[in-house]
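Novice: Here the sequence shown is numbered in our numbering, starting from -10 and rising by one per residue.
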Amino acid sequence: MPGDLVGVSHSSHFKQRCCVLPTAKVKVYGKHGKYSEATLLFDSGADRSYVSSEFVRKVRPTWISSEQMSYSAFGGSKSSRSTQCNIYDLNLVDVNNEVVCLLAAEVPTICAPLLRPCVPAETLLPIKSVQLADEYERDRKVNVDILIGLDAYWKFVIPS
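1) With a CB to CB cut of under 8 Å and the five nearest residues on each side skipped, what residues in its chain are close to Leu92?
2) Could you give the distance in angstroms between the alpha-carbon of Lys130 and the alpha-carbon of Asp32?
3) Leaving out the 5 sequence neighbours to the left and right, which residues in its chain are closer than 7 Å to Glu95 when beta-carbon positions are compared?
4) Expressed to the nearest angstrom, what Euclidean distance is found between the alpha-carbon atoms of Leu30 and Gln57?
5) Thinking C-alpha only, which one of Val89, Leu103, Ser71, Val108 is nearest Phe145?
6) Beta strand (DSSP E) containing Ser71: first to last residue?
7) What are the start and end residues of the alpha helix (DSSP H) that includes Tyr142?
8) Along the alpha helix (DSSP H) that carries Glu95, what are the first and last residues, could you check?
9) Using DSSP with H/G/I as helix, E/B as strand and the rest coil, what is Phe3?
Right under this line is the structure:
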């Protein structure tokens, strides 16, 4: 189910506090039936969904159209000048191996790589019954490949 893609994954620690951002690892099928793993970032502050140019080159999704638009990289404060962006149909695979389609605009970069510290096991204990969509056992660098904006956010967050 689309809602099965949701998990908590990104974190940062400050003294005794832990902040976890909503990210997930998913498989994305390309043109030739081969898949690549992608890291998603759910962003309820974005009006649409985006895919990085690097991931587009890697998976070669189906091109749908082009649109004139402006955007700001995640964490950025300035919008770019209006530019022509390619729109792609991404085929994401959920935990039940069902394909979920997502239309996303190609942008050069979604955000700078994020450093996700290890989340202590005791922090995750209250949600141990939730199937998590990423790993937490070690520190790791996270490169965001796809940003899920409000155009598709609820399709993934609320199970159908």
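All C-beta atoms in this analysis are idealised placements derived from N, C-alpha and C, irrespective of residue type, glycine included. These figures come from a predicted structure and were not determined experimentally.
Specialist: With the structure as the only source:
1) Correct list, in chain order: Ser38, Ile53, Ile76, Tyr77, Asp78, Leu79, Asp140, Ala141.
2) Roughly 19 Å between the two C-alpha positions.
3) Val40, Ser42, Val45, Cys74, Asn75, Tyr77, listed in sequence order.
4) When the Cα atoms are used, Leu30 and Gln57 turn out to be separated by approximately 23 Å.
5) It is Val89.
6) Neither: Ser71 is in no beta strand (DSSP E) and is coded neither H nor E.
7) Where Tyr142 is concerned, the enclosing alpha helix (DSSP H) stretches over 142 to 146.
8) In the DSSP assignment, Glu95 falls outside any alpha helix (DSSP H) and within the unbroken beta strand (DSSP E) covering 88 to 96.
9) With a pLDDT of 48 at Phe3, under the threshold of 50, the modelled position of this residue cannot be trusted; read the value that follows with caution. Strand at Phe3.
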